[in-house]
Structures are given as structure tokens and as C-alpha cells.
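Residues in the sequence shown are numbered from 104 upward in steps of one, following my numbering. Working notes for the structure below.
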Amino acid sequence: MNKMHFRKCLSALAFSLFFSNLYSQQIEWQQVLGGVHSEYLYDVKSTPDYGFLLAGSSFSEDSGNKSEKGQGDLDYFLWKMDESGKLEWQKVFGGSGSDYLYSVGMTSEGGYILGGSSDSPVSGDKTEAGFGNMDFWVIKINPEGKEEWQLTLGGIGNDQLQSIQQTPDGGFIIGGSSDSSPIKDEKGKTIGNKSEETRGSFDYWIIKLSASGELEWEKTYGGMFADEIKNILIIEDGYLVGGTSNSMVSSDKTAENLGMGDFWLIKLNQNGEEQWQKTYGGEADETLANIIPTEKGFLLAGSSNSKTSESKKSDSTNGTDFWVIEIDEEGNHIWDNSYDFGQWDVLVSATKSTENTYLLGGYASTETLNRKTDNKGINDYIALKINYKGEMLWSKTIGGKDTDQLKGLTQTRDGGYVLAGNSDSKKSDDKDQASIGGNDFWVVKLGEKGKTDEARQLIEIYPNPTSQYTNIVISESYTKASVEVFDMVGRKLQSKDLPYRTTPIDLQGYTPGVYIFKINIDDQIQDVKVIKKGSK
104 MNKMHFRKCL SALAFSLFFS NLYSQQIEWQ QVLGGVHSEY LYDVKSTPDY
154 GFLLAGSSFS EDSGNKSEKG QGDLDYFLWK MDESGKLEWQ KVFGGSGSDY
204 LYSVGMTSEG GYILGGSSDS PVSGDKTEAG FGNMDFWVIK INPEGKEEWQ
254 LTLGGIGNDQ LQSIQQTPDG GFIIGGSSDS SPIKDEKGKT IGNKSEETRG
304 SFDYWIIKLS ASGELEWEKT YGGMFADEIK NILIIEDGYL VGGTSNSMVS
354 SDKTAENLGM GDFWLIKLNQ NGEEQWQKTY GGEADETLAN IIPTEKGFLL
404 AGSSNSKTSE SKKSDSTNGT DFWVIEIDEE GNHIWDNSYD FGQWDVLVSA
454 TKSTENTYLL GGYASTETLN RKTDNKGIND YIALKINYKG EMLWSKTIGG
504 KDTDQLKGLT QTRDGGYVLA GNSDSKKSDD KDQASIGGND FWVVKLGEKG
554 KTDEARQLIE IYPNPTSQYT NIVISESYTK ASVEVFDMVG RKLQSKDLPY
604 RTTPIDLQGY TPGVYIFKIN IDDQIQDVKV IKKGSK
């Protein structure tokens with residue numbers, strides 16, 4: 104090696120170390136949540152008040168830091184936390200059977216839509232009977248966690264909901280997998296909501312609801328084997344529906360089967376009608392986790408153990424790796440890359456971050472084939488940030504001595520990241536608290552060293568304008584706060600204490616127009632104009 108080349112190598116190494124250190128992450132805080140039995144986390148969402156919502160299922164009674172009693176076997180379990188990890192409220196919804204809360208989304212008035220699967224009969228909080236083995240169970244709650252309505256959707260077989268979110272028209276799009284076919288009872292009435300025959304084992308099942316929960320349309324797409332939805336992305340002219348398929352060309356599956364299991368992407372219009380479909384992968388298995396919009400098209404994020412192929416240019420090594428592929432708006436390959444941390448690396452979540460970067464998250468096993476890693480236990484949380492070309496900016500491994508499996512991640516409004524999943528590790532390595540039961544939620548907040556928060560206003564109102572609910576967000580700690588609501592002629596319409604940093608205000612029944620919120624925080628009074636919109 105000549106001297107010039109040697110100096111270039113040293114310069115590149117120094118830059119790499121500087122860049123890595125510049126963006127290195129530290130644990131700001133962590134929390135262990137659960138009762139004496141087991142909790143299973145499936146989703147996490149950041150909220151406009153700088154906090155976040157954890158969603159999953161619980162097998163515990165009121166014990167540990169779980170304050171609400173269970174209804175049956177597994178129940179929906181929600182935990183709303185502020186930006187510092189402190190509890191704001193928690194809720195349990197369930198029947199006498201098993202209820203799995205897989206997905207949660209925010210609604211335009213500041214509330215939440217909950218989606219999962221249930222085999223509970225009418226019992227506890229479940230007000231509608233099921234149709235088969237497992238059905239979709241959807242619950243809409245207000246900003247305080249109180250139920251507004253619920254709906255059971257399904258057929259005679261198994262229906263597993265994976266994704267739910269609000270659409271621009273105020274309704275909801277639901278995606279899941281189903282092996283149900285329409286069956287009629289002795290009176291000739293169809294049992295359940297499924298109108299199309301199953302194509303194979305499991306099929307994609309997509310449902311569009313109105314804002315009040317009325318069924319607008321439902322579609323089934325599948326081939327002769329197993330097709331399982333993982334994610335739906337709402338786009339300007341419809342939906343991108345993605346999952347994993349091992350079906351060959353058959354029934355609705357017109358895209359070529361590439362291996363044992365592939366990413367299968369379908370572009371739908373706003374009525375659920377197919378526009379095009381594509382498969383991506385190699386000769387082995389690919390499992391999709393998320394679809395994210397990019398400047399050029401879309402990023403598909405998941406896991407792969409395939410070698411290179413026409414649609415997969417990067418090799419998977421040492422078992423299963425994280426795999427991401429960027430495609431254009433017509434589904435054509437732009438670039439892809441694999442990321443290797445251990446013998447088995449499972450990508451479960453991805454999100455678009457700031458400055459055209461992406462955060463990927465999952466977990467990795469400790470079997471590393473003699474490679475030196477910083478893995479701690481049986482499985483560890485893995486967080487990885489990449490730029491728009493797929494180049495790694497930094498990675499972080501977090502874990503205790505036993506099993507820690509990441510299930511979701513999100514970027515918070517202050518620029519940090521929340522990693523949330525399941526853990527049975529004792530106090531060890533990165534974990535500073537022991538598990539309460541057999542398996543608990545484990546939440547870790549990461550922040551970039553040296554990064555300062557952007558200046559915040561003392562009071563924020565979200566959403567504003569609003570059609571019903573709005574939230575008063577107070578950015579600093581305080582002793583006492585309250586609000587009075589006035590119309591434009593000075594009449595006081597309501598008053599309310601503000602016990603939390605975020606408190607919802609209900610404007611239902613008020614005519615559309617401008618209202619004045621007179622907010623008193625430790626004897627400092629500030630007036631804020633809030634616009635009430637007309638209903639759609």
C-alpha cells in the first residue's frame with residue numbers, strides 16, 4: 104500500500120468515526136409496563152402532545168403497574184404516556200375470550216381507532232357476537248380513552264386484522280388476512296361480512312368504513328396458497344397494500360412467484376379496485392413489515408434470507424437480514440440493500456425520519472457465526488438509521504440477558520425515537536428494571552447526543568380547526584391550570600381543569616365558528632382562538 108493510499112484510508116476511517124459519533128444515540132429513559140402475568144405489545148404511535156400510545160394485549164389482572172382488571176383471557180391493553188414516559192391513562196377492553204390489539208391509529212379529532220382480532224362472544228366490553236373462529240374487532244375511542252362505538256367484522260373462518268388507519272374522508276381503511284368464505288344460515292342470510300370466496304389458505308382482505316363505522320366496501324385478493332397483509336399505505340389516488348405471499352400465479356395473483364415467500368404489493372384505487380401488482384424477492388423467504396413514501400416512490404421494508412436475484416441485488420448473509428427496497432410510483436426497482444446484525448435479524452417496523460432519512464427497527468438473535476457484535480441476550484432490540492440511498496448512518500443494539508423483541512418504533516416530536524416491544528429480561532446490561540411478570544412491555548427512548556429540542560410554545564391547540572374535539576397541550580410543568588371557553592359575544596360555555604399536560608376539550612353541539620379559550624396556567628392567563636368546523 105503506498106503512502107497516499109494509506110493516508111486516504113486513515114482519513115476515511117477518521118471521518119467514519121466522527122460521523123458515527125456525531126449521530127450516536129443514548130438512552131434518555133426506559134420503562135417496564137405490565138402485571139404479574141404477561142403483556143404483548145404490537146404497536147406504538149407518537150401523539151401530537153409529544154407523548155405516545157402503546158397498544159397490545161394483556162393476560163394480567165390489576166397488578167404491577169396495570170391498574171385495570173382483565174375481562175377474560177387476553178384483552179386489548181392501551182397505555183398513554185407523556186414525553187418523559189409517565190402514565191397519563193391506561194385502558195382495557197375485552198370479552199371472555201382472547202382479544203389481540205394489533206393496530207392503533209389517530210383520528211382527526213384527537214381520539215384513536217383500535218383494530219385487532221377477537222374470538223370473544225358478547226361479554227365484558229364486547230357488544231357484538233362473532234361470526235367464526237377469529238373476527239376483526241374495531242373500537243373507536245375519544246381522546247380520554249372512552250369508547251364511542253365498536254364493530255365486529257368477519258366470516259365463518261379466521262380473520263386476522265393487521266392494519267387500521269383513518270382516511271382523508273374521515274372514514275377508515277382496514278387490512279388483514281382471511282380464510283373465510285361467505286356461508287348462509289338456514290334462512291338464507293349470509294353469516295358475517297365476507298362477500299367473496301377464499302382463494303386459498305389466507306387471502307388479503309381489505310375493508311373501507313365510513314366515519315361512523317358503516318361498511319362501504321370490502322375486497323378479497325389472493326392466490327392458491329397463503330397471502331398475508333402486513334401494511335396499507337394511503338396515497339393520493341388510492342392505497343398500496345403490501346404483505347407476504349407464497350402463492351404461485353393463480354386466482355388474483357398475476358405477479359410471478361419468485362421464491363418460497365415474496366413481498367406482494369397491490370396498487371388499489373379509492374374503490375378498492377386493482378391497478379397493478381408486483382412481487383419482490385429472491386429464491387428463499389421475504390417478509391414485509393412496512394411501506395413508506397419516499398421522494399421518488401416508496402420504500403418496502405422487511406426481512407430476507409435470499410441471495411441476489413433480478414429484484415434483489417443485495418445478498419443476505421448468515422441467515423435472515425433486514426432488507427429494504429425502494430421502488431418508483433409504478434413499482435419498478437430503484438435500489439435495495441441488506442443489513443446484517445446476527446444469525447437471525449427480523450425487521451418489524453420502519454418510519455420516515457427527518458432530512459430524508461429512515462429509521463428501521465427489529466430484533467436480532469445472538470448466534471453470530473463467530474462475528475464480534477454487541478448483542479447482549481437471546482434477542483435484542485436493533486435500531487438502524489439509513490439515508491435516502493440506503494447507506495447506514497448509525498445503528499444501536501439494546502437488550503438485557505434474555506429475550507427482548509422490538510415490535511414498533513416511532514419518532515417523537517422532539518426529534519428522538521421511542522422503541523417499544525416485549526421483554527422477559529431481568530435487570531441486566533441496558534435494562535435497568537426487571538420484568539414484572541413473565542413478559543412485559545419494554546419502552547426505551549433514544550436521543551442524539553448534543554441535540555437540543557426546538558423551542559416550543561407554552562400552549563398548543565391540536566387540532567385547530569376541529570370538528571369536535573381539540574387538545575390543549577402545555578409544554579412545561581405546572582402546578583395548576585384550567586380553561587374557560589367563550590363564544591365571540593363573551594358568553595362562557597364551559598370551564599374545565601387541566602390536570603394533564605394534554606387535555607381534550609369537547610366542542611360537540613357548538614355551532615361552527617370561532618371560540619376563545621381563556622387558559623390559566625399558574626395564574627398566567629393566555630387567550631387562544633379556536634375554530635370549530637362544520638361536520639362533513
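Cβ coordinates follow ideal geometry from the N, Cα and C atoms, glycine included.
Residue i burial status per 10 Å Cβ neighbour count (16 or more: buried)
{"i": "P271", "result": "exposed"}
{"i": "Y581", "result": "exposed"}
{"i": "S538", "result": "buried"}
{"i": "Q627", "result": "exposed"}
{"i": "R474", "result": "Low confidence applies here, because R474 scores a pLDDT of 42, under 50, leaving its location unreliable; read the following figure in that light. Burial call: exposed."}
{"i": "K534", "result": "buried"}
{"i": "D439", "result": "buried"}
{"i": "V633", "result": "buried"}
{"i": "L472", "result": "Because the pLDDT at L472 is just 40, under 50, the model does not fix this residue reliably, and the point stays unresolved."}
{"i": "E470", "result": "The predicted model places E470 with a pLDDT of 49, which falls under 50 and marks its position as unreliable, so this point remains unresolved."}
{"i": "L125", "result": "Interpretation of L125 is limited by its pLDDT of 44, a score under 50 that renders its predicted location unreliable; the figure taken from the coordinates is listed afterwards. Per the 10 Å Cβ criterion, exposed."}
{"i": "L596", "result": "exposed"}
{"i": "R604", "result": "buried"}
{"i": "W182", "result": "buried"}
{"i": "W379", "result": "exposed"}
{"i": "G637", "result": "exposed"}
{"i": "R49", "result": "Outside the shown range of the chain, which is 104 to 639, sits residue 49, and nothing can be said about it."}
Given residue i as reference, the closest of the options once Cα atoms are compared
{"i": "D298", "options": "G291, G278, G258, G273", "result": "What sits at residue 298 in the sequence shown is Ser, not Asp. Comparing Cα positions, the closest option is G258."}
{"i": "G197", "options": "N372, K499, Q265, K172", "result": "K172"}
{"i": "Y203", "options": "N482, D330, G593, W240", "result": "W240"}
{"i": "I521", "options": "I242, P151, V147, L336", "result": "Looking at the sequence shown, residue 521 is not Ile but Val. V521 has its Cα closest to that of V147, out of I242, P151, V147, L336."}
{"i": "A387", "options": "K488, I369, D424, N623", "result": "D424"}
{"i": "T397", "options": "E250, K249, G493, S498", "result": "G493"}
{"i": "S456", "options": "V427, M495, Q514, I428", "result": "Q514"}
{"i": "G364", "options": "A329, A232, E587, D355", "result": "A329"}
{"i": "M209", "options": "Y572, K381, K229, I577", "result": "Y572"}
{"i": "Q611", "options": "L136, E212, F155", "result": "E212"}
{"i": "L487", "options": "Y442, K529, P615, E250", "result": "Y442"}
{"i": "D483", "options": "V617, Y491, A523", "result": "A523"}
{"i": "R516", "options": "F620, R302, G154, N393", "result": "G154"}
{"i": "F589", "options": "Y613, P607, S528, F234", "result": "Y613"}
{"i": "P151", "options": "G518, V592, K311, Y383", "result": "G518"}
{"i": "V617", "options": "T606, P607, D625, M591", "result": "M591"}
{"i": "I622", "options": "R594, G434, I562, G593", "result": "I562"}
{"i": "I216", "options": "S170, D262, A232, I267", "result": "I267"}
{"i": "L368", "options": "G385, E339, K333, S353", "result": "K333"}
{"i": "Y205", "options": "N245, G279, Q269", "result": "G279"}
{"i": "E339", "options": "S354, G248, E432", "result": "E432"}
{"i": "T45", "options": "G248, Q536, G137", "result": "This structure cannot settle anything about residue 45, because the visible part of the chain is limited to 104 through 639."}
Contact check, residue i vs residue j, beta carbons under 8 Å
{"i": "E142", "j": "D630", "result": "no"}
{"i": "S585", "j": "D609", "result": "no"}
{"i": "G375", "j": "A314", "result": "no"}
{"i": "G200", "j": "D222", "result": "yes"}
{"i": "V547", "j": "I130", "result": "yes"}
{"i": "M184", "j": "L190", "result": "yes"}
{"i": "D448", "j": "G465", "result": "yes"}
{"i": "G219", "j": "L264", "result": "yes"}
{"i": "I485", "j": "A467", "result": "yes"}
{"i": "F366", "j": "E331", "result": "no"}
{"i": "S414", "j": "L361", "result": "yes"}
{"i": "Y307", "j": "G325", "result": "yes"}
{"i": "N525", "j": "W497", "result": "no"}
{"i": "Y179", "j": "S166", "result": "no"}
{"i": "G345", "j": "L402", "result": "no"}
{"i": "V207", "j": "A158", "result": "yes"}
{"i": "S409", "j": "E389", "result": "yes"}
{"i": "D228", "j": "D262", "result": "no"}
{"i": "N296", "j": "L318", "result": "yes"}
Sheet register partners of residue i (DSSP bridge)
{"i": "D543", "result": "S526"}
{"i": "N261", "result": "M237"}
{"i": "V73", "result": "Residue 73 cannot be examined here, being either before or after the span of the chain that is shown, 104 to 639."}
{"i": "E321", "result": "I310"}
{"i": "S220", "result": "Y203, F239"}
{"i": "K488", "result": "L462, W497"}
{"i": "K595", "result": "F589"}
{"i": "Y572", "result": "D609"}
Residue-chain proximity (residue i, chain C), Cβ-Cβ < 8 Å
{"i": "M351", "result": "Here chain C cannot be found, since the structure has a single protein chain."}
Residue i Cβ short of 7 Å to the ligand SAM heavy atom set
{"i": "E131", "result": "What this structure holds is no ligand at all, so the ligand SAM is not there to describe."}
Kindly provide the ranges of any beta strand (DSSP E) runs that are 3 or more residues long and lie completely inside the region 370-442, ordered along the chain. You should have 377-383, 389-396, 400-407, 424-431, 436-442.
Entirely enclosed beta strand (DSSP E) segments - the region 156-182, minimum 3 residues: DSSP runs (the beta strand (DSSP E)) wholly in the region 156-182: none.
Write down every uninterrupted run of the beta strand (DSSP E) in the region 601-635 whose length is 3 residues or greater and which is fully enclosed by it, in chain order. Fully enclosed beta strand (DSSP E) runs of 3 or longer: 605-609, 616-624, 627-635.
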